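A.B. asks:
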Amino acid sequence: MPNPDQIKIHKLQNKSGMTVGLSNYGARVLSIIVKNKHNRYTDVALGYDTIEEYLVSNDPYFGATVGRFANRISSGKFVLNGKEYQLSKNDPCGPNHVHGGDTGFSHVVWNVVLSDTNSIEYQYLS
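Numbered according to this note's numbering, the sequence shown terminates at residue 770, and the numbering increases by one at each position without gaps.
The following block contains the structure:
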């Protein structure tokens, strides 16, 4: 589990009032708030209400950057250049490696390398 003091929330907003909430934890989208047909602002992103919920849940990768590999690697094994590699098996539905495992991109704190009112750039070196 990452140090909660390192986790930051960033908000971007355009001139129409649309806002996007992002976090450096998993380089994830937390919210996308847009005007609905009744001219009221609505969050259209699927996810939790607080960053703490992402830390304690069996997170279904809501809004996260997944990887080093997206999807499942059967039996957690693959062969590269003739060498077999065994990865962790973190799939609750079977003996597979899913979305980069327990320490995949979705479960680490990314660095902010650029941030202004309408853009942000995250970086993670693995």
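Where a beta carbon is used, it is the ideal one built from N, C-alpha and C, also for glycine. These numbers were taken from a predicted model, which means no experiment stands behind them.
Using a Cβ cut-off of 9 Å (strictly closer), state whether S732 contacts chain C.
C.D. replies: In the displayed structure, chain C is absent; only one protein chain is listed.
A.B. asks: What residue does the beta strand (DSSP E) around V700 start on, and which one ends it?
C.D. replies: Counting along the chain, V700 falls outside any beta strand (DSSP E), though it belongs to the alpha helix (DSSP H) covering 695 to 700.
A.B. asks: Evaluate L666 with the Cβ neighbour count: other Cβ atoms within 10 Å of its Cβ, from every protein chain shown; 16 or more gives buried, anything less gives exposed.
C.D. replies: buried
A.B. asks: When you compare each of I676, N683, Y766 to Y692 by their alpha carbons, which one comes out closest?
C.D. replies: I676
A.B. asks: Considering only residues of the same chain and omitting the five flanking positions on each side of Q650, which have a CB-CB separation below 6 Å?
C.D. replies: Counting only Cβ-Cβ distances below 6 Å, and skipping sequence neighbours, we find V753.
A.B. asks: Is S660 closer than 9 Å to K681 when the C-beta atoms are compared?
C.D. replies: no
A.B. asks: Using only CA atoms, which one of Y669, L656, Y705 lies nearest to N715?
C.D. replies: Y705
A.B. asks: Taking only runs of the beta strand (DSSP E) that begin and end inside the segment 670 to 724, which ones reach a length of at least 3 residues, in chain order?
C.D. replies: 672 to 679, 685 to 687, 721 to 724
A.B. asks: Could you pull out every residue in the same chain whose Cβ sits closer than 8 Å to the Cβ of T747, ignoring the five residues on either side in sequence?
C.D. replies: none
A.B. asks: Please check the pair V594 and G707, which I expect to be a contact at CB under 8 Å, by giving their CB distance rounded to whole angstroms.
C.D. replies: A question about residue 594 goes unanswered here, because the residues of the chain that appear run from 645 up to 770.
A.B. asks: For D760, which beta-bridge partners are listed by DSSP?
C.D. replies: According to DSSP, which records beta bridges pairwise, D760 is partnered with S763.
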